[in-house]
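J.:
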Amino acid sequence: MNIAIIGAGYVGLVTSACFAELGNKVICVENDPEKIALLKKLKMPFFEKGLDKMVKKNVKLGRLVFTDSIEYAVKKSLIIFICVGTPPKYGGEADLSYVENVAAKIAKSMPSYRLIIEKSTVPVETGGWIEHTVRINNKRGVKFDVASNPEFLKEGTAIEDFMRPDRIVIGAESKKAKAL
């Protein structure tokens, strides 16, 4: 399966490497020029046990690539994970501006049906808000679904947590999204 992961922070990079390890073709998108330069040189922007070897192996096998182009990743992938930062605002609530910007870019780039999955740490009901954002930016009327798959990764054991989770939570409404 072709999967796009938008965001190469802790959650996004671990998710990218693990999905590639499972045999999927993964395009990992990062907009930070310094981070994308590191990743293209196969240097990790942070330490997570086993991540560097997994990334190098899957890049060599052609199952994992890095880019700064959301448009390219969306056109090449059926499933798109949003794994961008949601830093706290001054009042403590999550800043969803990165999620909103990514959702709008996805909407403008979809050539056909896509399943958009939010994996970022976000408040309840963010899926509905993402759906609204995609719908108003989806000028061509391309069909899509939005699902939620919250992450439960712990630093130091993130690969193990992904590959052998103690729970998997997926929120989806349509039969098509659930099947994917």
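Position 156, counted from 1, in the sequence shown is what my numbering calls 152; the numbers after and before it change by one each time, with no gaps.
Cβ atoms here follow ideal geometry from the backbone N, Cα and C, with glycine treated the same way.
Here the structure is a predicted model, which means the values were calculated and not measured.
(1) Using only the alpha-carbon positions, how far apart do K56 and E17 sit?
(2) Restricting to Cα atoms, I'd like to know which of M(-3), K21 and A173 is closest to K53.
(3) How about D115 and V7: are their beta carbons less than 9 Å apart?
(4) Closest to E96 by CA distance: which of C79, R110 and G87 is it?
(5) Indicate, with yes or no, if the ligand MG has a heavy atom lying under 8 Å from the CB of L176.
(6) Work out the CA separation of L60 and V51 for me, nearest whole Å.
(7) If you count every other CB in all the chains shown that lies within 10 Å of the CB of G3, and 16 or more means buried, which is it?
(8) Output needed for L47: all residues of its chain with C-beta closer than 8 Å, excluding positions within five of it in sequence on either side, in chain order.
(9) Can you tell me whether E30 is buried or exposed? The criterion is at least 16 other CB atoms within 10 Å of its CB, across all chains shown.
(10) My parser needs the alpha helix (DSSP H) runs of 4 or more residues fully inside the stretch 102 to 151; what are they?
T.: This is what the structure holds:
(1) The straight-line gap from Cα to Cα measures roughly 12 Å.
(2) K21
(3) A quick correction: the sequence has Lys, not Asp, at residue 115. Yes.
(4) C79
(5) This structure does not include the ligand MG; it has no bound ligands of any sort.
(6) Taking the straight line from one Cα to the other gives about 7 Å.
(7) buried
(8) L9, V10, A13, M40, A154 and I155
(9) That one is exposed.
(10) 122 to 133
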